[in-house]
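Q: Protein chains in written order, with the numbering used here: chain A, 7 to 833; chain B, 919 to 1140. Where a beta carbon is used, it is the ideal one built from N, C-alpha and C, also for glycine. Note that the structure is predicted; figures quoted are calculated from it, not measured. Dropping a structure here in structure tokens format, bear with me for questions.
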Amino acid sequence: MNTLQRHRKLTAIWASEPGVRGLFSTVNHTDLGRMFLAVSFFFFLVGGVLAMLIRAQLATPQSAFAGPEIYNQIFTMHGTIMMFLFAIPTFEGLAMYLLPKLLGTRDLAFPRLSAYGFWCYVFGGAMMLVSMVLGIAPDGGWFMYPPLTGPLYSPGINTDFWLIGITFVEISAIAAAVEITVSILKYRAPGMSLDKMPIFAWYALVTSLMVLTGFPPLILGSILLELERAFGLPFFQAEFGGDSLLWQHLFWLFGHPEVYIIFLPAAGVISTILPVMCRTTLLGYGWIVASATGLAFLSFGIWVHHMFTTGIPHMGLAFFSAASTLVAVPTGVQLFAWIGTMWKGRPSLQMPMLHLLGFFFTFVIGGLTGVMVAVVPFDWQAHDTAFVTAHLHYVLFGGFVFPIMAGLYYWMPHVSGRKRFFRLGELAFALVFIGFHVTFMAMHWVGLMGQRRRISTYLPEDGWTTINLISSIGSFVLAIGIALVIVDLVLHAFAARRSRRDPWKAGTLEWAMMTPPPAYNFASLPHVNSRQPLSDDPDLTIRLARGEGYLPEPENGWRESLTVEISTGKPDFHVIYPTNTRLPIVMAAVTGVFFVSLLLKFYWTVPLAVVGVTILAWRWAWSLGHKADLPLRAIGHGFELPNATQVGQSPSWWGSVFLLTANATFFGSLLFGFAFLWTVAPSWPPPVWFSASLLELVLGLSGAGVGVVAIRQSARANAQGRDARVSLGVSFAGALAMAAAALGIVLRAPTPTEHAYGATLLVLGSYALFHALLGALMMAFLYARVVRGYTSVRRHAEFPVVTLWIDYLAGMSLLVLAVAHLPGLLG
Amino acid sequence: MVVAVTTAFVLVGCQGELSTVDPAGPAARTIAQIWWVMLAGAGAIFALVMTLVALPFVRKRALADKAQHERLWLVKLGIVFPAVVLLALLGYGLVAGESLLPRQGPDVVSVSAEARRSQWTFGYGDAPGLSTEHVLHIPAGRPVDVSITSTDVIHSFWVPRLAGKIDAIPGHVNVLRIEADAPGNYAGRSAEFSGVGYDHFAFTVVAHGPSEWEQFIGSGMP
Chain A
7 MNTLQRHRKL TAIWASEPGV RGLFSTVNHT DLGRMFLAVS FFFFLVGGVL
57 AMLIRAQLAT PQSAFAGPEI YNQIFTMHGT IMMFLFAIPT FEGLAMYLLP
107 KLLGTRDLAF PRLSAYGFWC YVFGGAMMLV SMVLGIAPDG GWFMYPPLTG
157 PLYSPGINTD FWLIGITFVE ISAIAAAVEI TVSILKYRAP GMSLDKMPIF
207 AWYALVTSLM VLTGFPPLIL GSILLELERA FGLPFFQAEF GGDSLLWQHL
257 FWLFGHPEVY IIFLPAAGVI STILPVMCRT TLLGYGWIVA SATGLAFLSF
307 GIWVHHMFTT GIPHMGLAFF SAASTLVAVP TGVQLFAWIG TMWKGRPSLQ
357 MPMLHLLGFF FTFVIGGLTG VMVAVVPFDW QAHDTAFVTA HLHYVLFGGF
407 VFPIMAGLYY WMPHVSGRKR FFRLGELAFA LVFIGFHVTF MAMHWVGLMG
457 QRRRISTYLP EDGWTTINLI SSIGSFVLAI GIALVIVDLV LHAFAARRSR
507 RDPWKAGTLE WAMMTPPPAY NFASLPHVNS RQPLSDDPDL TIRLARGEGY
557 LPEPENGWRE SLTVEISTGK PDFHVIYPTN TRLPIVMAAV TGVFFVSLLL
607 KFYWTVPLAV VGVTILAWRW AWSLGHKADL PLRAIGHGFE LPNATQVGQS
657 PSWWGSVFLL TANATFFGSL LFGFAFLWTV APSWPPPVWF SASLLELVLG
707 LSGAGVGVVA IRQSARANAQ GRDARVSLGV SFAGALAMAA AALGIVLRAP
757 TPTEHAYGAT LLVLGSYALF HALLGALMMA FLYARVVRGY TSVRRHAEFP
807 VVTLWIDYLA GMSLLVLAVA HLPGLLG
Chain B
919 MVVAVTTAFV LVGCQGELST VDPAGPAART IAQIWWVMLA GAGAIFALVM
969 TLVALPFVRK RALADKAQHE RLWLVKLGIV FPAVVLLALL GYGLVAGESL
1019 LPRQGPDVVS VSAEARRSQW TFGYGDAPGL STEHVLHIPA GRPVDVSITS
1069 TDVIHSFWVP RLAGKIDAIP GHVNVLRIEA DAPGNYAGRS AEFSGVGYDH
1119 FAFTVVAHGP SEWEQFIGSG MP
């Protein structure tokens, strides 16, 4: 097979459907990455227009431009869109597009999951847009503090759009995070040990792990608040044993890591581009990895710095103040590693470098003002003033938008295969840079002069008129700059010359392919010996296209790749990917029916949607696997690999591990909420405790024990070639027993609408019940797989996956039972 | 940058009835001082970092010794430098914060503030039964502890020229120490977004001289 034949054959296997139809059935990471980025850029523009409206309103005192009802929607949606529909999806899209290319492989771990996440994002985002067009958008601020957003003070549907729409969108964040984590750990080129990974992959890994542990508290908070709004469960109402502060804890437990979830991918972009712009390699790779990881850990310990004015004791605040300023240390290590990289090399002022300089200038100021507001007494003054608005824009625009713009100009030739022809970018950068600083420097100042955030108007005698006008003028200069970037992009798409390969002379693998990239990325997979494989071997691109790497000969029309051992990068399993399918978009649509039904309170369609999602998920999992054992696959260079469906720790197993990590964080947040209400909320203890039932306790305990033991016996039976069905049936019964015990808590939770205690028990019981039923469903699935011949002594990968879920179910059920029954038993 | 900001302050001035940098009481003065110290420090650090960013563009040759290079950038500049600066700042912030806390004392006056949307109601420890709306009366030159709560949504009690802010949260009571140096009117704002009506959700603190204060406590009329 020569190079061209190989290209044609691989393209036929990997290509998405032609034309528009392809958009709906593609599962390819390059397509989905581009789609993610296009949609997130659209939302950036929508959020930007809203920002312009805010600045138009505030440009003059007593403005009649928008009344507070509309203005509150505008600033709420500005924040919400920029955070949830622009920043996070931009990371997801960028990571999806780049990672397999950087890691020297052909696709992400779970291609259909990428597509499902994308469509959840699109549908959820569309819900938010609809609310805006109809003038019933959320208006309680992007932070959604109850009681203001509770049923008493925000009876309209506006808040529900936020709680339900954003939760829908978060599915895409969790899906992408699982996807990216498993992809980075397992789907790399042979030889790429962890210490040879491109730095962006490290950042994406840390970010994804943060998404998995940072988003669940927000999802929990949203569910609790929606339950309060829809069914009157008083989690946040002080007179009924709830506490509005619980929301603030849950929200900022998410909200602060969120800032680093946004910053770290951008830092990954900087660490990738800056050395190339300076014709050198990154200074202190190991230090940077360590400090990014340290930042991730620290960021979970500082959420209270958003709550310095809520009356927490001063020594408690001092701890969080120290932790918050401490964040400047790992940030400082990264910053000085970058500057040191510039000293090490010879920086040149190419287009991406301009935006990197914009980053340095802006982000350093944002960091310094960040240290200022981390000092407790100063925050008592600055909190909720325009000073904080200015600070956060310096951090987010400086720490995210400038680096992403650098990335845009850096990877544009990769996406399009063209090079810039018109030089609009430089002018655009100048306008964005000047406009930004005029806008937000002024805002620091007006904040110190006492202007609060989120006011829709002010009086001439407040003395803020001039500053606000300057700020608004700056924002319009900024907007013109962004518009020029769009013009530049459009011109690039229609009127630019072909670029040569690797235009920046970079050393990373994404440039070791033709541009625009082919659907399969690499005709054969490289063997990696360093962090700069392309610098080591400039002919690598040609050699890979010629088929000198791994897996050069496509077989059976399969989309093939391989996985590696996590730390060493030694190839371990052979992977066959699913192909184009509309299953993800259909499943996302049915998931949407579920969320819209909740929003519109069409409760009779909710079970229909649940059944629909269940059937589709069943089909999803069913379509994987084989009815006969697969032989070892020769991947070239003397390696023969077993198929990933015939091993214990398959990609699905790893996916489950990380999904359960997120799930456990959700459960942990729920327990935290319970403990918080118990110890801090007024109106405790509750009027009645849950009456303990020995019968239910024994039922649940024995169910957990039986379930865990029997699922292992079934796996052992399968491994020994015996019939696994009987022990699967026993394990199924165990799950049902756990379901019954959980149902007892749900049904007997005392007066859930009258006290937060009963309401929390209801949620805990429902959570356990849901997982017990899910476990039973998995067992039924596995039973059907055994019956239909999808398992064998060698094809045993599905047993460990189900075992993992049953173990989680059992452990979690025990905790729920203890939390519900023990107070009654002991007291 | 720093010059520009400082010039701007000088030109337009720091005055304003809501200005945090035009303090009229000890707490606000302490915080304003923290601000000016931090501004100066931040300006110096910013200038240093920007110089370090700019120099590689003008310098002729790259640095040679790699190990020493790494140690300089990562250990000295990356870790030691921020750690030292932050430790000093934290200590300063902690001591300053402690000095602002409400503590018992012979001449401390207790008042209460209860917020609900568009209205603050104030009560007086020295005159049970007396209450005022929208206007809080205090004696000048004496520390006043305000016990703050809310009956509907979350609000925040903020008199920028006297002190920082603290939230009014349903079911909780937070105490804020304020003090005015001299008799006069001080503008207050509710500083936590509370929906429509937030724009003009304001109150006033009126500080009285000793005799006026006695009169107010006695009769409810200043």
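Could you check the C-alpha separation between E98(A) and F50(A) for me, to the nearest Å?
A: Between E98(A) and F50(A), the C-alpha separation is close to 15 angstroms.
Q: Nearest to W660(A) by CA position, among G644(A), E571(A) and P692(A), is which residue?
A: For the residues G644(A), E571(A) and P692(A), the minimum Cα distance to W660(A) belongs to E571(A).
Q: What span of residues does the beta strand (DSSP E) with S536(A) cover, start to end?
A: No beta strand (DSSP E) holds S536(A); DSSP gives it neither H nor E.
Q: Taking 7 angstroms as the limit between beta carbons, can you name the residues of its chain near N474(A), skipping five residues before and five after?
A: L64, A65 and V452.
Q: Taking a Cβ distance cut-off of 8 angstroms, strictly less, list which residues of the segment 444 to 460 of chain A are near chain B, in chain order.
A: Going along the segment 444 to 460 of chain A in chain order, one finds M447, H450, W451, L454, M455, G456, Q457, R458, R459 and R460 with a Cβ nearer than 8 angstroms to chain B.
Q: Using a Cβ-Cβ cut-off of less than 7 angstroms, give me the residues of the segment 1069 to 1098 of chain B that come near chain A, in sequence order.
A: Within the segment 1069 to 1098 of chain B, the qualifying residues are D1070, V1071, I1072, S1074, P1078, G1082, K1083, I1084, D1085, I1087, P1088, G1089, H1090 and N1092.
Q: Alpha carbons only, please: which of R731(A), G220(A), K350(A) and A244(A) is nearest the one belonging to G307(A)?
A: Answer by Cα proximity: G220(A).
Q: Considering just the uninterrupted stretch of the beta strand (DSSP E) at V1124(B), what are its terminal residues?
A: Here the beta strand (DSSP E) through V1124(B) covers A1120 to H1126.
Q: In whole angstroms, give me the CA-to-CA distance for A985(B) and F408(A).
A: So the two alpha carbons sit approximately 31 angstroms from each other.
Q: Please identify, using Cβ separations under 7 angstroms, the residues of the segment 1054 to 1067 of chain B that lie next to chain A, in order along the chain.
A: Under the 7 angstroms Cβ criterion, the segment 1054 to 1067 of chain B contributes no residue.
Q: On the DSSP bridge assignment, give the partners of Q1037(B) in chain order.
A: Looking at the DSSP assignment, Q1037(B) forms a beta bridge with R1034(B).
Q: Closest to L135(A) by CA distance: which of F167(A), A121(A) and K107(A) is it?
A: Nearest option by C-alpha distance: F167(A).
Q: For P590(A), count the other beta carbons within 10 Å of its own beta carbon; 16 or more makes it buried, fewer makes it exposed. Which is it?
A: By the neighbour-count rule (16 or more Cβ atoms within 10 Å), P590(A) is buried.
Q: Just by C-beta distance, which residues in the segment 738 to 763 of chain A are closer than 8 angstroms to chain B?
A: Correct list: empty, as no residue qualifies.
Q: Assess, as a yes-or-no matter, whether the segment 750 to 767 of chain A is touched by the segment 712 to 726 of chain A under the definition of 3 or more beta carbon pairs within less than 8 angstroms.
A: The answer is no - the segment 750 to 767 of chain A does not touch the segment 712 to 726 of chain A, with fewer than three Cβ pairs under 8 angstroms.
Q: Give me the chain B residues within the contact set of Y151(A), using Cβ-Cβ distance strictly less than 9 angstroms, ordered along the chain.
A: V1071, I1072, E1110 and F1111, listed in chain order.
Q: Roughly how many angstroms lie between the CA atoms of F81(A) and R459(A), to the nearest whole one?
A: Rounded to the nearest angstrom, the two C-alpha atoms are 10 angstroms apart.
Q: What residues from chain B crowd round P688(A), counting only those whose CB sits closer than 8 angstroms?
A: Per Cβ cutoff of 8 angstroms: G1089 and H1090.
Q: Any chance the segment 1117 to 1133 of chain B sits against the segment 1099 to 1107 of chain B, with 3 or more Cβ pairs inside 8 angstroms?
A: Flag = yes, the segment 1117 to 1133 of chain B and the segment 1099 to 1107 of chain B touch.
Q: Find the residues of chain A that neighbour I949(B), judging by a C-beta separation of less than 8 angstroms, and give them in chain order.
A: Result: P383, F384, W386 and Q387.
Q: Find the nearest neighbour of F206(A) within the set W417(A), V275(A) and P829(A), judged by alpha-carbon distance.
A: The option with the nearest alpha carbon to F206(A) is V275(A).
Q: Return the first residue and the last residue of the alpha helix (DSSP H) that S178(A) is part of.
A: Note, S178(A): alpha helix (DSSP H), N164 to K192.
Q: Would you say F366(A) faces chain B, with C-beta separation under 7 angstroms as the test?
A: F366(A) counts as touching chain B.
Q: What residues are listed by DSSP as bridge partners for R504(A)?
A: DSSP, once it has assigned bridges, lists R424(A) as partnering R504(A).
Q: Give me the residue from G1138(B), C932(B) and L1054(B) with the minimum Cα distance to G1047(B).
A: Ranking G1138(B), C932(B) and L1054(B) by Cα distance to G1047(B) puts G1138(B) first.
Q: Just grab the DSSP bridge partners of S566(A) for me.
A: The amino acid occupying residue 566(A) in the given sequence is Glu; Ser does not appear at that position. E566(A) pairs with I582(A).
Q: Could you tell me whether the Cβ atoms of M449(A) and A392(A) are closer together than 7 angstroms?
A: Against a cut-off of 7 angstroms, the Cβ pair of A392(A) and M449(A) comes out as a contact.
Q: Could you compute how far the alpha carbon of M321(A) sits from the alpha carbon of H443(A)?
A: Near 36 angstroms, if we compare the C-alpha coordinates of H443(A) and M321(A).
Q: Less than 7 angstroms between C-beta atoms, sequence neighbours within five positions excluded: which residues of the same chain meet that for T574(A)?
A: Within the same chain, T574(A) has close Cβ partners S199.
Q: Please list, in chain order, the residues of the segment 205 to 233 of chain A that have any C-beta partner in chain B closer than 7 angstroms.
A: Flagged: no residues at all.
Q: Would the beta-carbon of Q387(A) fall within 7 angstroms of that of T948(B)?
A: Their beta carbons are not under 7 angstroms apart, which means Q387(A) does not touch T948(B) by this criterion.
Q: Rounded to whole angstroms, how far is the Cβ of A302(A) from the Cβ of V212(A), which I believe are closer than 8 angstroms?
A: Contact flag correct, Cβ pair sits at about 5 angstroms.
Q: Quick one, are the C-beta atoms of P196(A) and P539(A) less than 7 angstroms apart?
A: For P196(A) and P539(A), no; Cβs fall outside 7 angstroms.
Q: Hey, is G147(A)'s beta-carbon within less than 7 angstroms of any beta-carbon in chain B?
A: True, the Cβ-Cβ gap to chain B drops below 7 angstroms.
Q: I want to see whether chain B comes within less than 7 angstroms of P74(A), judged by CB atoms only; does it?
A: Answer yes: the Cβ-Cβ gap between P74(A) and chain B drops below 7 angstroms somewhere.
Q: If R118(A) sits next to P584(A), beta carbons under 8 angstroms apart, how far is it from one beta carbon to the other, in whole angstroms?
A: Indeed, because the Cβ distance is near 6 angstroms, the residues count as touching under 8 angstroms.
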